[in-house]
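> These protein sequence lines are chains P and R, in that order. Going left to right, the first sequence walks through residues 0 to 406 as numbering that gives the first Met the number 0 numbers them. Going left to right, the second sequence walks through residues 0 to 240 as numbering that gives the first Met the number 0 numbers them. Where a beta carbon is used, it is the ideal one built from N, C-alpha and C, also for glycine. Every value quoted in this text rests on a predicted model; they were computed, and no experiment measured them.
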Amino acid sequence: MTMLQGFQIALHALRLNPLRSFLTMLGIVIGVASIVTVFAIGAGAQLRLQEQIRSIGANVLMITPGAVYQGGVRLKEGSKLTMTESDVQAILEQIPEIQAAAGSIAGTAQVIHESKNWNTTINGTTTGHFMVRDWQLASGRYFSATEEAGAGKVVVLGSTVARELFAPGADPIGAQVRIMKVPLEVVGVLDRKGPAQDDVAFVPLTTAKLRFLGSASNINRDSVAYIIAKVTADSQMAGARSEIENLLRQRHRILAGQEDDFKVQDPAAAMEAQQGAIRTVALLLVAIASVSLLVGGISIMNVMIVSVTERTREIGIRRALGGRMRDIRLQFLCEALVLCLLGGIIGVAGGVTLSMTVARMAGWITSIDGEAIGLALVFSIATGLTFGFYPAHKASKLSPIEALKTE
Amino acid sequence: MTGLLPLISLRSVCRTYRADGIAVTAVRNVSFDIDPGEILAVMGPSGSGKSTLMNMIGLLDLPSEGAIYLEGANVAELSEDRRSSLRARSIGFVFQSYNLLARHNAIENVALPLVYCGVGRKERLTRAEQSLEAVGMLHRASHFPRQLSGGEQQRVAIARALIASPLIVLADEPTGALDSRTGAEILALLAALNRSGQTIVMITHDPGIATQCRRTIRLHDGELVSDETPALVPAKRSVAP
Ligand SMILES: Nc1ncnc2c1ncn2[C@@H]1O[C@H](COP(=O)(O)OP(=O)(O)OP(=O)(O)O)[C@@H](O)[C@H]1O
Ligand SMILES: [Mg+2]
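(1) Suppose the cutoff is 7 angstroms on Cβ atoms and the five residues either side in sequence are ignored; what does the same chain contact list for residue 239 of chain R look like?
(2) With DSSP collapsed to three states, give me the class of residue 88 of chain P.
(3) Who are the near neighbours of residue 392 of chain P in its chain, counting only those whose CB is closer than 8 angstroms to its CB and skipping five residues on each side?
(4) How would you list, in chain order, the residues of chain R whose beta-carbon sits under 7 angstroms from the beta-carbon of residue 326 of chain P?
(5) Considering only heavy atoms of ligand 1 and the C-beta of each residue, which residues fall inside 6 angstroms, strictly closer?
(6) Just reading off the beta strand (DSSP E) that residue 66 of chain R is part of, what are its end residues?
(7) Report the option in P:271, P:144, P:11 whose CA atom is closest to the CA atom of residue 334 of chain P.
(8) Using 8 angstroms as the cut-off, can you tell me whether the segment 33-51 of chain P makes contact with the segment 125-139 of chain R, which would need three or more C-beta pairs spanning the two stretches below that distance?
(9) Should residue 220 of chain R be listed as close to ligand 2, given that the test is whether its C-beta is under 7 angstroms from any heavy atom?
(10) Let me check one thing: in DSSP terms, what residues is residue 367 of chain P bridge-paired to?
(11) Output, in chain order, the set of chain R residues within a Cβ distance shorter than 7 angstroms of residue 313 of chain P.
(12) Any idea which residues DSSP pairs residue 15 of chain R with across the strands?
(13) With respect to 7 angstroms, is the separation between the Cβ of residue 171 of chain R and the closest non-hydrogen atom of ligand 3 below this value?
(14) Is residue 399 of chain P closer than 8 angstroms to residue 59 of chain R when the C-beta atoms are compared?
(15) Which same chain residues end up closer than 8 angstroms to residue 225 of chain P when comparing Cβ atoms and leaving out the 5 residues on each side of it in sequence?
(16) For a test of the three-state rule: what should DSSP assign to residue 181 of chain P, helix, strand or coil?
(17) Along the segment 42-63 of chain R, where does the CB come closer than 7 angstroms to a CB of chain P? Name the residues.
(18) Mind pulling the chain R residues with CB within less than 8 angstroms of residue 323 of chain P?
(19) So residue 211 of chain R is in the alpha helix (DSSP H); what residue range does that whole segment cover?
(20) Leaving aside the five residues before and after residue 193 of chain R along the sequence, list all residues of the same chain whose C-beta is less than 6 angstroms from its C-beta, in chain order.
(21) Starting from the C-beta of residue 65 of chain R, find all residues in its chain whose C-beta is less than 8 angstroms away, skip the five residues before and the five after it, and write them out in chain order.
(22) Do you know whose CA, among P:203, P:132, P:272, lies nearest residue 185 of chain P's CA?
(23) So is residue 86 of chain P buried or exposed if we call it buried at 16+ other beta carbons inside 10 Å?
(24) Between the Cα of residue 312 of chain P and those of R:204, R:97, R:105, R:43, spot the shortest distance and give me the residue it belongs to.
(25) Give a yes or no on whether 8 angstroms exceeds the smallest Cβ distance from residue 155 of chain R to chain P.
(26) Where do the N-terminal and C-terminal ends of the alpha helix (DSSP H) with residue 134 of chain R fall, by residue?
(27) For the 8 angstroms Cβ check, are there 3 or more pairs between the segment 308-323 of chain P and the segment 338-357 of chain P?
(28) Is there a C-beta anywhere in chain P that falls below 8 angstroms from the one on residue 233 of chain R?
(29) Straight-line CA distance for residue 157 of chain R to residue 90 of chain R?
(30) Do the CB positions of residue 168 of chain R and residue 109 of chain R come within less than 8 angstroms of each other?
(31) When the Cα atoms are used, what is the spatial distance from residue 148 of chain P to residue 124 of chain P?
(32) Whole angstroms are fine: how far does the CA of residue 44 of chain R sit from the CA of residue 177 of chain R?
(33) So, does the CB of residue 399 of chain P fall closer than 8 angstroms to a CB anywhere in chain R?
(34) Would you identify the three-state DSSP class for residue 231 of chain P, choosing helix, strand or coil?
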C-alpha cells in the first residue's frame with residue numbers, strides 16, 4: 000500500500016463522520032490559529048518599532064521638557080516648554096561631540112493645494128533637523144539661512160503630504176500651498192522614511208512661531224517644544240548625554256538635589272528595549288498557544304484509540320485480505336496526519352483572517368510571513384505523527400484472528 | 000499420483016492455545032495434502048478445530064508443532080510481511096458472516112485485496128467488475144453491504160476472494176448464515192468455480208453439502224479421524240502418508 004492510498008482511505012473514513020472529524024481537529028485549529036496570530040501581531044509590532052528606530056536616525060538624543068514647579072505645585076511633565084533656541088545654540092557650540100542639533104515646535108493644521116487638502120503635522124524647525132535625522136530630499140532643497148532668519152513663507156513636504164496634494168507626476172517644487180490662510184512656496188519634498196513619519200510638513204521655526212503656533216499661550220518667543228541632537232559616534236552617546244545634562248542644568252539654574260526641568264533620552268535604545276519586551280511577550284504567547292496544540296494532539300490520540308477499537312473487525316478483514324502490519328499502521332497514521340494537517344490548514348486560514356481583522360479593527364500593523372505559516376504546519380504534522388503513532392501501532396499489532404472474532 | 004508437488008501439505012500439525020495457564024490443544028497431529036484443483040470439505044462437531052486448521056492453512060496463524068508447506072515452502076519460515084502478501088495474492092477467504100467492509104460499496108470491497116497487491120486504482124476497478132460479473136453481482140456494484148441480502152453479500156465476498164486469482168479459496172461455513180435455498184445457490188457457485196479449476200477448502204456442518212465435494216476430512220477433538228473420497232466420484236488422490 001502506498002502513502003497516497005493511505006491518504007485516500009483516511010479521507011474516506013473521515014468523510015463518513017464529518018462532525019466528529021471536525022471536533023477532533025478543533026484543538027489543532029485553535030492552536031495553529033493562535034500561533035499564526037501571535038506571530039503576525041508580534042512581527043508587526045517589531046516591524047513598526049524597527050521603522051521608528053530607523054526613522055529617528057542614528058545616534059540621536061532627544062531633549063524634552065521635564066516636570067516643573069510653579070508656586071510649589073508640581074506640573075505634569077511637558078506642560079511647560081522649558082527649552083529655548085539659545086539652549087540649542089549652546090548645545091551646538093559647547094559640546095564637541097554634537098554634530099547637529101535642532102529645536103522644534105509642532106501642531107496640526109490643514110494644508111491646501113488648489114482643490115485638495117490634507118490634515119497633517121506642521122513642524123516648525125531648522126535645517127539641522129534633517130541633518131540630525133539623516134533625512135534626504137527627494138527633490139528641491141531645505142530652508143535657506145535667510146528663510147530661517149526671516150520667517151520665509153516656504154515649506155518642505157513629507158512624501159505622504161506631497162502624494163495627497165499633488166497629482167502623480169506633477170512637480171510640487173515651486174507650487175503654492177496654504178496653511179491657515181498663509182500662502183507658502185514648496186521648496187522641497189523629502190524622501191520616504193516610513194508611513195508614520197512621512198505625514199508631515201516642515202516650515203522654518205521662525206515662520207511657525209510668527210504665523211501659526213506663536214499664539215499658543217505656553218509658547219514664548221524663544222522656546223521650543225523639543226530638541227534633537229546628533230552625536231558624532233555611537234561610543235560617545237553616554238558622554239554627550241551627561242554633558243548636555245550638565246550644560247542645561249547650569250543654563251536653567253537648577254541647584255544640586257533639585258529635579259531637572261528637562262529629560263535627555265536615547266529613543267533608539269528605549270525602543271530596542273521595547274523590542275526585546277515584545278519578543279518575550281510573543282514567545283510567551285506562542286508557548287501558551289503550543290499548549291493548545293498539545294491538547295489538540297491528545298484529543299486526536301484519544302479519538303484514534305476509540306476509532307481503532309471500533310474498527311477492530313475492519314482491521315481483521317484487511318489483515319486477512321493481505322494487509323501487512325505496516326499497511327494498517329500507515330492507514331491509521333494517515334488518518335491522524337490528515338486530521339492534523341487539515342486542522343493546521345484551517346488554523347492557518349483562521350489565524351490569517353484573525354490577524355487581518357485585528358490589523359483593521361485595532362489599527363495594529365500585522366505581518367504574516369511564510370515562515371510562521373510553514374512552522375505552524377510543520378508543528379501540526381509533528382503533532383499528528385507523535386499522537387497518531389501509538390494508536391496506529393496498536394492497530395497494527397492486533398491479531399487478525401482475534402480481530403475477526405470481534406463484533 | 001500426479002508427480003507434481005501438492006499445493007499445500009500439512010505435516011503433524013498441532014496448535015495449542017495457552018490461556019490462563021491452561022493449555023487447549025485445538026488441532027492435534029494432523030497431516031494431509033491438498034492438490035491443485037481439489038474441492039475439499041472439512042467436517043466435525045463444534046469445537047473440533049476446523050477453524051483453527053483453516054486459519055493455519057490461510058496463513059493467519061502458525062502451527063505450534065509440525066509444519067505447513069505452501070507450494071513446497073515452509074510457511075513458518077516466511078516473514079510476517081511475506082505471509083501477508085501471500086494472503087493477498089494466493090489465498091481467498093470466504094467467511095460465514097461475509098465480513099464485507101460496511102462503509103465501502105460492493106465494488107470497493109471486491110477490489111480491496113488488490114490494494115495490498117499494489118495494483119493501481121483503474122485496474123483494480125476493471126478486475127473487480129469482472130469478478131462481480133463472474134458471481135452475477137455486477138448490477139449491484141455500487142450498493143453497500145447493508146443494501147444487499149445475505150446471499151448477495153456472500154456472492155460479493157466470493158468475488159472478493161477470487162479477484163487476485165488465488166491458488167486456493169478457503170470458505171469457513173459459507174452457507175452457515177443462509178437459508179437452504181440460498182445456501183444451495185452459493186454452493187453451486189463454488190462447485191462451478193471448482194469445475195473451472197479453482198482449488199477450494201470448505202468447512203461445513205451439512206452432510207448433504209459434504210457429499211457434493213469429492214473429498215471429506217473429518218476432525219474430532221482436533222484429530223483427523225477420516226479422509227474419504229467417496230467411491231461414486233473417481234478418486235483423484237488417496238490419503239496422505
Ligand atoms: N484463542 C483461543 N484461545 C483458547 N482456545 C481457543 C482459541 N481459539 C479457539 N480455541 C479453542 O480451540 C478449539 C477449536 O476451536 P475452533 O474455533 O477451531 O473450532 P471449530 O471446529 O471451528 O468450531 P465451530 O464449528 O463452532 O466453528 C475450541 O475448543 C476452542 O475453544
Ligand atoms: Mg469455526
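Walking through what the data contain:
(1) Its pLDDT being 44, under 50, residue 239 of chain R is placed unreliably in this model, and the value from its coordinates should be taken loosely. Annotation for residue 239 of chain R: 30, 31, 32 place their beta carbon closer than 7 angstroms to its own, counting only its chain and skipping 5 residues before and after.
(2) DSSP, read as helix, strand or coil, puts residue 88 of chain P in helix.
(3) 328
(4) Under the 7 angstroms cutoff, chain R gives 115.
(5) The set of residues with a C-beta under 6 angstroms from any non-hydrogen atom of ligand 1 comprises R:16, R:18, R:23, R:25, R:43, R:45, R:46, R:47, R:48, R:49, R:50, R:51, given in chain order.
(6) Counting along the chain, the unbroken beta strand (DSSP E) around residue 66 of chain R starts and ends at 64-69.
(7) P:11
(8) Contact between the segment 33-51 of chain P and the segment 125-139 of chain R is not established, with fewer than three Cβ pairs separated by less than 8 angstroms.
(9) no
(10) None, per the DSSP bridge assignment.
(11) Against chain R, a Cβ distance below 7 angstroms from residue 313 of chain P picks out 100.
(12) R:24
(13) With respect to ligand 3, the structure shown offers nothing to examine, as its ligands consist of ligand 1 and ligand 2.
(14) yes
(15) The beta carbon of residue 225 of chain P sits closer than 8 angstroms to those of 61, 62, 63, 64, 82, 102, 103, all from its chain and outside the five residues before and after it, given in chain order.
(16) strand
(17) 54, 59, 60
(18) 79, 80, 83, 84, 115
(19) 206-211
(20) 38, 199
(21) 9, 10, 11, 12, 13, 28, 29, 30
(22) Considering only alpha carbons, the answer is P:203.
(23) Under this definition residue 86 of chain P is a buried residue.
(24) Measuring from the Cα of residue 312 of chain P, the nearest candidate turns out to be R:97.
(25) no
(26) It is not in any alpha helix (DSSP H) - residue 134 of chain R carries neither H nor E in the DSSP assignment.
(27) no
(28) Only weak support exists for where residue 233 of chain R lies, its pLDDT of 48 falling under 50; the coordinates are left without a value.
(29) 12 angstroms
(30) no
(31) The straight-line gap separating the alpha-carbon atoms of residue 148 of chain P and residue 124 of chain P is approximately 11 angstroms.
(32) One C-alpha to the other measures close to 19 angstroms.
(33) yes
(34) coil
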